[in-house]
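In case it helps, the numbering used here puts the sequence shown at residues 26 to 233. A virtual CB, placed ideally from N, CA and C, is assigned to each residue, including glycine. Below you'll find the structure, written out as structure tokens, and then a few comments.
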Amino acid sequence: MNGAARKSDGTLWVWGLNSVGELGTNNMVARSSPVQVPGTTWVEVAGGEAHLLARKSDGTLWSWGYNNRGRLGDNTIINRSSPIQIPGTSWTQVSAGCAHSLARKSDGTLWTWGYNFGPYGGFGKLGDGTIINRSSPTQIPGTAWVDVAASLQQTVARKSDGTLWAWGLNNEGQLGTNDTVTRSSPVQVPGTGWIRSGKGSLAIKSNN
């Protein structure tokens, strides 16, 4: 595992394991104290399993580390030890699950890539209506997305109308949809007034 944090000056710092270049420092040397990732104007960072994604103030999105099943979104399955830009612009939020990634754009669209099916599961957690692994951003149906949070095998996301949606593994009701049906497309969680998506299947309502 590794850690990552931003400073107020726009720099990004990382530490921990680095066996597949997940620190983004152009090497595979583990670090026991923070070391700076190249670049400045970083405004957001999200960590998955041995991969990191980060966004800059110019709307560009970058990824590095382990790229099994395309989780870096650069249209390859090549591990990266330095930040590489993900296609597209106007990115406004990023979230990383165990082996999948999601990001929003300023136009309210939501995009997904990475592990969607395989010998260890996947369970349609990309939410694009398939069980196909994706190595580049693929749009999730719907618009007006304002918040997203990914976990190990599920994702939850919120729309501007206060509705909450979930998809992925649901064998124990993790999606909150009043059933145990696994979903490969967004399904609405009962209730209204949701104001924040949370990690995994945790969310906050306005009337808490």
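Distance, residue j Cα to residue i Cα
{"i": "Gly-113", "j": "Leu-127", "result": "13 Å"}
{"i": "Ser-88", "j": "Thr-180", "result": "19 Å"}
{"i": "Arg-208", "j": "Leu-78", "result": "25 Å"}
{"i": "Arg-31", "j": "Ala-71", "result": "11 Å"}
{"i": "Asp-34", "j": "Thr-66", "result": "8 Å"}
{"i": "Pro-211", "j": "Gly-73", "result": "21 Å"}
{"i": "Leu-42", "j": "Val-54", "result": "8 Å"}
{"i": "Pro-215", "j": "Asp-204", "result": "11 Å"}
Residue range of the unbroken beta strand (DSSP E) whose run includes residue i
{"i": "Gly-216", "result": "Taken as a continuous stretch (DSSP letters only), Gly-216 belongs to no beta strand (DSSP E), as it is neither H nor E."}
{"i": "Ala-174", "result": "170 to 175"}
{"i": "Lys-234", "result": "Not covered by the structure: residue 234. The range shown for the chain is 26 to 233."}
{"i": "Ile-109", "result": "105 to 111"}
{"i": "Thr-117", "result": "116 to 121"}
{"i": "Ser-88", "result": "86 to 90"}
For residue i, three-class secondary structure by DSSP
{"i": "Gly-95", "result": "helix"}
{"i": "Ile-157", "result": "coil"}
{"i": "Glu-74", "result": "coil"}
{"i": "Leu-194", "result": "coil"}
{"i": "Lys-130", "result": "strand"}
{"i": "Val-54", "result": "coil"}
{"i": "Lys-184", "result": "strand"}
{"i": "Lys-150", "result": "coil"}
{"i": "Glu-69", "result": "strand"}
Per DSSP, the bridge partner or partners of residue i
{"i": "Asn-27", "result": "Gly-41"}
{"i": "Gly-201", "result": "None; Gly-201 has no bridge partner."}
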